[in-house]
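Read through the structure below, which is laid out as C-alpha cells, and then see the notes.
Chains as they are written, first to last, in our numbering: chain A, 24 to 424; chain B, 24 to 424.
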C-alpha cells in the first residue's frame, strides 16, 4: 500500500477548505558566496508572518538529486507518485497547448524535419522553422483523412506540433519514428504490443498522406512522430481525497495537468491578480484550490535573479487576499527549484510553508530555503504534501484502532 | 523503478570530475556526557572551511538502526541498494584478501576445525590456531585435485581461509557445512537448487581429500565450508552512471568492493599521502574517484578515541591537495560510524559534506555530526548520495518534460 492508497482508505469529508498556492520553480540558489537565494532576498512580509505562525519544511520534488519536469513535478505535488504514474510525452505536449486529451485519444509529439531527396533526414528540426511558417503547415495536415479515426493536428512552436488520433481501439505502445540522428530515413511506426497495431497502421497512413501534403516544402518536407501516448489512468482528486478541487492557472500546461487528476479548471485568469479574483468568486464551490503562479519559474529560467525576486514579491503581495478567505489549510510552495544561477529547473529541495489552526509551529521566523531546513515538517518527498494538508484539515481518519 | 534505475535513465556525460573521499567509520560518539564526537573533537580547519561553503547532511548507511558491514556499507555509498544486491560471504572473504573473483568462480569461507575421533566437532575454530600455523595448512590443501575444476585455496587469518572453485557450470546455492555447534559432525554440502548440484559434489570431494591431508593434525584436523557464493551481478559505474571510475585504496577489501562495481583500481598506495599522489597522477584519466582512508575505522575499532581524532586530523590535512585539483563535486563522508566508545561499527548516521559550485549552502559552519543534523541535504539514505553527486556535477537530465 503506498501513501496515496493509505490516504484514500482514511479520507473523510468536512467543510474545510484547502489552498495550495504554487509559485512555480520557487526554490533558488545564491548568486554570490554567502548570499541569499531569490526567496531569501525578496521582501515577503506576508509569507514571513505566516512562517512564524505556521510550520515549514524542505520538500524533495521526486527523489534526492532528481530534477523534475513540469509533469512529474506537479504529479508529485498533487500526491501521485511520479515514478508510478508516467505522463507520456505526446500527452504532455498536447496538454501544454491546452488540448484536452480524451479517453479515446492517442497523442503524439511531432517534429517537422528536412528530408534529402533519397528520403534520409537532413535536419531533424527542419532548421527550427519559425512558428509563423510551421503553424500553417501543421494546420494543412488536418487534410489527412483516415477512415474510422478522427485526426487532430495542433501547431505548437517552431518545428514542433501535436497529432491526436481519436477513435476506438487505439493504444499508445508505438515506437518513435525519429531515429535521433541524421543521414538515415525516419523509422517506420511499429507497435510494441499487439493492442497498438492499429494505431501503428494509422500512423503509417498518416505519414504517407502527410508526405504528399509536405512535398516540395523547402524546409519542412517531412516529419517524425514521438511519444505516442494515451491519457494516463490517474485516479481523481474526488476518488483519492474526497475533494472537489478547482485549478486556477493562467498557463495551459498547468490547467492540463490539473485536469488529468480530475480538477475543474475555473475561470480564465491572465494574471496572478485575476487568479485571486477567480479564487474569491469560486470560494463557495470547492473544497480544494490549486493556484498556480508561473513567472517565478520563467524569470528563473531566464537566469534573472532580480526579476525572480520581484516575482516572488508580487506573489507575496496577494497572500493577504487568500488569508482573508479564511482557508482551513494554506500551503505555499513550488513544484521544484528554478535557480536563476542555473537558468533551469534543478534538483534542490523546495521550501514549504503550511499554515493551519492545527499545525505545530516550529522555530522558523521567515520563509526561505535555509530557514526551511530546520522546519517542523522536516525533509520530505512531495507525495507527502497532500496527506499533510488533508490531515491538518481534519480530513484523514485514524489508521487502525 | 528504484532510484538507481531512474538515475541510469537520466545520466549524461560531461567533463566534470567527482571525488568521493571516504574516511572509513567516520561517525562517532562522545566519550563523556556533553562531550564532542571524534570528528567534533578533531581540529579540521579544511573540512570546516568546506562545510561553510558547501552543504551538509546526515546519512543513514542502510536503514535507521542497521549497522553495516564493509560490504553493504560500501554498496550503499556506491549507490547500490544493499538490500537488493547481496555480496555472498565467500566472495566478501576472498575480496578482503585481494583475490579477484572471476565469472566462473564459486568462493567459500572455510574454517579449520578440531574433530573428535568419532567425527564430531570439538572446536569450530580449531582453537583459533595462529596464522603462522594455519597458513601453511591452507596452502597444503592446494594439493586437492578434482577433474574439470580448478581449486584455489587462500589463507586468511587464524582458523579462516578461502576456497575458490573455478570452472564451468558452477553455482553458489549450496548450504553451509558448519552446523554452528559442537558435538555433532559437520553437515554434508547440499545443493539448495538443481543448478548447484555439481558444486555440492565438488565440495564433497574437496572435503574428502582435505580430510586425508589434514589427518593427524593436532588442532586443524577438519574444516567447515560456509557462504558459497558467486560474483554478484552488479551493473558497473559506467553502465549506471556513465562514469569512468577509479578506486584509490590501500586495503584489499575496498579495492575488491570497488572492482565489483567496475571501478578501476589505480596505483598501489600504502598510505593516505600516497593515495593523494595517485589521485593527482590519475586526475586526467577518470571522471570519478573513490578515495578510501582506513585508519579512522581501525582506531575506532580499537576503542581509541584520541587516536581516531588524530586520524581524522590526518585526513583533514590532505583536503587542500584534493581541492587544488579543482573537482566539480567533492563529497566527504564515511561508509558507517565506528565510535571508539563502542569499539565497533554502529548504526549511527554519518555526516556528509558536499561541495560544488551548484550546491545550495546551508547554515552549517563546521563539519561534525551535530552540525550535519541541520544540513541542507537533510537526513537521507546512502543510496541517494551518488544521485546527489551526479546532479551537482550536471550529469543528470530532467525527469519528464
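Note that beta-carbon positions come from the ideal geometry of N, C-alpha and C, so glycine has one too. On a predicted model such as this, the values are computed, not experimentally measured, just so you know.
| Item | Value |
| --- | --- |
| Taking DSSP as the reference, what is the three-state secondary structure of residue 183 of chain A? | strand |
| Quick one: which residues of the region 142-153 of chain A get their C-beta closer than 7 Å to a C-beta of chain B? List them in chain order. | none |
| Does any CB atom of chain A fall closer than 9 Å to the CB of residue 419 of chain B? | yes |
| For the beta strand (DSSP E) containing residue 374 of chain A, list its first residue and its last residue. | 373-379 |
| With a threshold of 9 Å between beta-carbons, can residue 409 of chain B be considered close to chain A, or not? | yes |
| With 16 other CB atoms within 10 Å as the buried threshold, where does residue 25 of chain A fall? | exposed |
| Closer than 8 Å: is that where the CB of residue 173 of chain B sits relative to any heavy atom of the ligand COA? | Looking for the ligand COA in the displayed structure turns up nothing, as the structure carries no ligands at all. |
| Please list, in chain order, all residues of the same chain as residue 199 of chain A whose beta carbon is under 6 Å from its beta carbon, the five residues on each side excluded. | 249 |
| Between the region 94-120 of chain A and chain B, which residues of the former have CB atoms less than 9 Å from a CB of the latter, in chain order? | 94, 95, 96, 98, 105, 106, 107, 109, 110, 112, 115, 116, 119 |
| Can you tell me where the beta strand (DSSP E) with residue 271 of chain A in it begins and where it stops? | 268-272 |
| Which residues in chain B sit within 9 Å of residue 393 of chain A, going by Cβ to Cβ distance? | 383, 384, 385, 386, 399 |
| Mapping DSSP to helix, strand and coil, what is residue 50 of chain A? | strand |
| Give a yes or no on whether the C-beta atoms belonging to residue 287 of chain B and residue 267 of chain B are separated by under 9 Å. | yes |
| For chain A, check one thing: does any of its Cβ atoms lie closer than 9 Å to the Cβ of residue 273 of chain B? | no |
| Are residue 209 of chain B and residue 136 of chain B closer than 9 Å when you measure CB to CB? | yes |
| Anyone know if the C-beta pair for residue 309 of chain A and residue 413 of chain A falls short of 9 Å? | no |
| Could you check what DSSP says for residue 319 of chain B in three-state terms: helix, strand or coil? | helix |
| State yes or no: is the C-beta of residue 73 of chain A within less than 9 Å of the C-beta of residue 390 of chain A? | yes |
| Of the residues A/59, A/383, A/409, A/126, which one's Cα is nearest the Cα of residue 253 of chain A? | A/126 |
| Could you give the residue range of the beta strand (DSSP E) that holds residue 355 of chain A? | 352-356 |
| Hey, out of A/321, A/329, A/395, A/367, whose CA is closest to residue 356 of chain A's CA? | A/395 |
| Restricting to Cα atoms, I'd like to know which of A/96, A/398, A/121, A/52 is closest to residue 423 of chain B. | A/96 |
| Would residue 371 of chain B pass as an interface residue toward chain A - the criterion being a Cβ-Cβ separation below 9 Å? | no |
| Residue 379 of chain A to residue 421 of chain A, Cα distance in whole Å? | 19 Å |
| Cutting at 6 Å between CB atoms, please list the residues of its own chain near residue 31 of chain B, excluding the five before and the five after it. | 263 |
| In chain A, which residues lie less than 7 Å from residue 70 of chain B when you measure between Cβ atoms? | Neighbours of residue 70 of chain B on chain A: none; closest Cβ ~18 Å, over 7 Å. |
| Taking the runs of the beta strand (DSSP E) that are 3 residues or longer, which of them lie wholly in the region 95-138 of chain B? | 128-138 |
| At 7 Å on the CB atoms, spell out the chain A contacts of residue 41 of chain B, in chain order. | What residue 41 of chain B touches in chain A: nothing, since even the nearest Cβ is about 12 Å away. |
| How close, in whole Å, do the beta carbons of residue 176 of chain A and residue 164 of chain A come, if the pair is a contact with beta carbons under 8 Å? | 5 Å |
| Within 9 Å of any Cβ in chain B, is that where the Cβ of residue 255 of chain A sits? | no |
| Does residue 247 of chain A pass the burial test, meaning 16 or more other C-beta atoms within 10 Å, or should it be called exposed? | buried |
| Going by DSSP, name the residue or residues bridged to residue 85 of chain B. | Its beta-bridge partners do not exist; DSSP assigns none. |
| I'd like to know whether the C-beta of residue 449 of chain B is nearer than 9 Å to at least one C-beta of chain A. | Because chain B spans 24 through 424 in this model, residue 449 of chain B falls outside it and cannot be assessed. |
| Using a Cβ-Cβ cut-off of 8 Å (strictly less than) and excluding sequence neighbours within five positions of residue 299 of chain A, which residues of its own chain qualify? | 314, 341, 344, 345 |
| Look at the alpha carbon of residue 337 of chain A and the alpha carbon of residue 61 of chain A, and state the distance between them as a whole number of angstroms. | 13 Å |
| DSSP three-state label for residue 146 of chain A, please. | strand |
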